[in-house]
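A quick write-up on the structure given underneath.
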Amino acid sequence: MFDYGDRTGYEPISDTDRKEFHEQGFLLLRNVLTEDHRAALEAAVDRVYAEEQAKGNTKKDGTLHLLGFLERDELFGELLTHPIAFPYMWGLAGWNIYTHHNHLDVTPPALEPEKPYWGWHQDGYRQNSDPETMDPNLPRPMFSLKVAYVLSDLSETGRGATKVIPGSHLWNSLPRPKDLSVHNPDPEGTVEITANPGDAFIFDRRQWHSRSTNLSTITRKMLFVGYTYRWIRPLDELHPDLDGEWYRNRTPVQRQLIGEGTHTANYWGINWDGYVDDEIPLRKELKERGLLDRNIPWLR
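Structure, rendered in structure tokens:
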């Protein structure tokens, strides 16, 4: 549908990108979406926004944070295996993954100055407590990562872009100001991810990040698709119509990514005999292409 040349979604990421991601906790990728693809996605977002607004599901200031949006358009389903972004998902997390959490965000210009707000957090909720050791210097496991597709012009600060602290994914805590009733400065090292329409960024769920206020005249439009291991429960459940066109159009790998499995052990990557299930669609695809790698634990 859109021209990405000979890109298939199964090109291995570079050692340089993997190293940067592991050190910084995020990667900014330029020109991920072709302009016609970006425009089509923006049109789909505008349609969904109008539908949700008509239902009264937007906030008073017009913002929309819509969970589990993938089934709302064919274009959204195709993003699961985007030919440029998808290699980072399996390259950084492996073949036993699926999307557990995805959201569509529309953030119009702020109607008034924001009240004091401290929004710094790590994703994952209890994933930040349940697996933690008693050693505060031992980082928690990654468990999941997200790709964020930028549909509007966030090339300048002040347009509501995500703020991150590079390298903070290795911190288990972030000092919190004592007085939250006043405006507090961002933590040292904060970077606002300025990006052009069609760019994307990938981040480790542990990365300390925060939203920012949209002080511009541009409406921020973003699509976030999160990937985690199939043995972790979903945060946003998808309920595709198995007789519908959206589901029929999904490839075997995409069906794995929306949560399909043949039995409970399959979600753990094995058959009931305890051996790895080579028929798991993404593993099968990578194996046939010679992309499994014994030197990378999650690609064994």
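Every letter in the sequence shown is one number past the one before it in the UniProt record's numbering, and letter 234, counting from 1, is 234. In this text, a Cβ means the ideal position worked out from N, Cα and C, and glycines have one as well.
* Asked: Do you know how far the Cα of aspartate 236 is from the Cα of asparagine 271?
  -> Each residue's alpha carbon lies about 26 Å from the other.
* To do: Would you kindly work out how many angstroms separate the C-alpha atoms of asparagine 266 and aspartate 277, rounded to a whole number?
  => Roughly 7 Å between the two C-alpha positions.
* With DSSP as the reference, label leucine 223 as helix, strand or coil. => Correct three-state label for leucine 223: strand.
* State the DSSP-derived secondary structure class of valine 182, mapped to helix, strand or coil. => Note: valine 182 maps to coil in three-state DSSP.
* Asked: Do you know how far the Cα of alanine 200 is from the Cα of phenylalanine 26?
  -> Rounded to the nearest angstrom, the gap between the Cα atoms of phenylalanine 26 and alanine 200 is 11 Å.
* To do: Over the uninterrupted alpha helix (DSSP H) stretch that includes aspartate 17, give me the two end residues.
  => 15 to 24
* **Neighbourhood of leucine 180 by C-beta distance below 7 Å, restricted to the same chain and skipping five residues each side** => Scanning its chain for C-beta atoms nearer than 7 Å, with the 5 sequence neighbours on each side dropped, one finds around leucine 180 the residues Pro116, Trp118, in chain order.
* Asked: Rounded to the nearest angstrom, how far is the Cβ of leucine 29 from that of isoleucine 202, given a contact under 8 Å?
  -> 7 Å
* Asked: Out of curiosity, what's the CA-to-CA distance linking lysine 55 and leucine 154?
  -> 28 Å
* Three-state secondary structure (DSSP) of alanine 148 -> Here alanine 148 sits in strand by DSSP.
* **For tyrosine 98, the three-state DSSP class (helix, strand or coil)** => Tyrosine 98 sits in a strand when the DSSP states are folded into three classes.
* Distance CB(glutamate 71)-CB(proline 240) smaller than 9 Å -> Using a Cβ distance threshold of 9 Å, glutamate 71 and proline 240 count as a contacting pair.
* Helix, strand or coil: which one does DSSP assign to threonine 228? -> strand
* Asked: Would glutamate 114 be called buried (16 or more neighbouring beta carbons within 10 Å of its own) or exposed?
  -> exposed
* In the DSSP assignment, what are the bridge partners of isoleucine 270? -> Val276
* In whole angstroms, what separates the C-alpha of proline 108 from that of serine 152? -> Looking at the two C-alpha atoms, the distance is approximately 11 Å.
* **Residue from Asn102, Asn137, Val150, Met134 with nearest C-alpha to glycine 124** => Asn102
* Alpha carbon to alpha carbon, how far is leucine 64 from tyrosine 49? Give it in angstroms, no decimals. => In this structure, the straight-line span from the alpha carbon of tyrosine 49 to that of leucine 64 is close to 7 Å.
* To do: Tell me, please, whether the segment 17 to 25 touches the segment 204 to 218 by the rule of three or more beta-carbon pairs shorter than 8 Å.
  => yes
* If aspartate 73 and alanine 110 are in contact, beta carbons under 8 Å, what's the gap, nearest whole angstrom? -> Aspartate 73 to alanine 110, Cβ: 28 Å. No contact.
* Taking just the CA atoms, how far does arginine 176 sit from alanine 93? -> 30 Å
* To do: Helix, strand or coil for glutamate 237, going by three-state DSSP, please let me know.
  => coil
* To do: Classify phenylalanine 76 as helix, strand or coil using the three-state DSSP reduction.
  => helix
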